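Visitor: Taken in order, the sequence shown gives residues 4 to 119; the numbers are from this note's numbering.
C-beta: ideal position from N, C-alpha, C; glycine also.
As the structure is a computational prediction, the values presented were derived from the model and not from experiment.
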Amino acid sequence: PRAQRDCRTPTGGLDRESERMSGIAVGLNRGHIVTKRAEGPRPALRKGLQGKRPAFVKQVMREVVGFAPYEKRIMELLRIQKDKRALKYAKKKLGTHIRAKKKREELSEALRSKRA
Numbered sequence: 004p005r006a007q008r009d010c011r012t013p014t015g016g017l018d019r020e021s022e023r024m025s026g027i028a029v030g031l032n033r034g035h036i037v038t039k040r041a042e043g044p045r046p047a048l049r050k051g052l053q054g055k056r057p058a059f060v061k062q063v064m065r066e067v068v069g070f071a072p073y074e075k076r077i078m079e080l081l082r083i084q085k086d087k088r089a090l091k092y093a094k095k096k097l098g099t100h101i102r103a104k105k106k107r108e109e110l111s112e113a114l115r116s117k118r119a
């Protein structure tokens, strides 16, 4: 027969981290005594982070190819202190506000590094 869930805990006996296992099959603290394994970081937490090689390839491509025409226009707007207009233009070209903010920041950083 299937073991019944314990109704004394909110999750029906599944929340046993705070309880201490006794090694006995019945009772409040029933269950096999085990040592908790330390789990490593999940691979999904790395999703979206840029690695060393793709960052290097992106940098080389930027040096070789340069900027797209819409990026040059955004940089021109940033040069004449039209940040908001640059953001609106980038949003129109890229589709989302977050991508536009990221692109504006990237291009303003490129302008700063070019001046220095």
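Between the region 48-63 and the region 76-84, do three or more beta carbon pairs fall short of 8 Å?
Guide: These segments do not touch.
Visitor: Taking only three categories from DSSP, how would you classify P44?
Guide: Here the question's residue 44 lines up with position 41 in the sequence shown. It is coil, neither helix nor strand.
Visitor: Rounding to the nearest angstrom, what Cα-Cα distance links G30 and K50 in this structure?
Guide: Within the sequence shown, residue 30 is the residue found at index 27, counting from 1. Within the sequence shown, residue 50 is the residue found at index 47, counting from 1. Spanning the two alpha carbons is a distance of roughly 44 Å.
Visitor: DSSP three-state call for A58: helix, strand or coil?
Guide: Locating residue 58 in the sequence shown gives position 55, where the first residue counts as 1. A58 falls in the helix class under three-state DSSP.
Visitor: For S25, does the three-state DSSP call read helix, strand or coil?
Guide: As a working note, residue 25 is residue 22 in the sequence shown. It is coil, neither helix nor strand.
Visitor: By the three-class DSSP mapping on this structure, what secondary structure does H35 have?
Guide: Taking the first residue of the sequence shown as 1, we reach residue 35 at position 32. Looking at H35 - three-state DSSP - the assignment turns out to be coil, as it is neither helix nor strand.
Visitor: May I ask you to report which of helix, strand or coil DSSP gives A89?
Guide: As a position in the sequence shown, residue 89 is number 86, starting the count at 1. Three-state result, A89: helix.
Visitor: Would you report the Cα separation of V68 and L48, rounded to the nearest angstrom?
Guide: Start at 1 with the first residue of the sequence shown, and residue 68 comes out as number 65. Start at 1 with the first residue of the sequence shown, and residue 48 comes out as number 45. Taking the straight line from one Cα to the other gives about 32 Å.
Visitor: Can you check which of these residues, E74, I27 and N32, is closest to A113 by C-alpha distance?
Guide: As a first step, residue 113 is located in the sequence shown; it is residue number 110 there, counting from the start. Comparing Cα positions, the closest option is E74.
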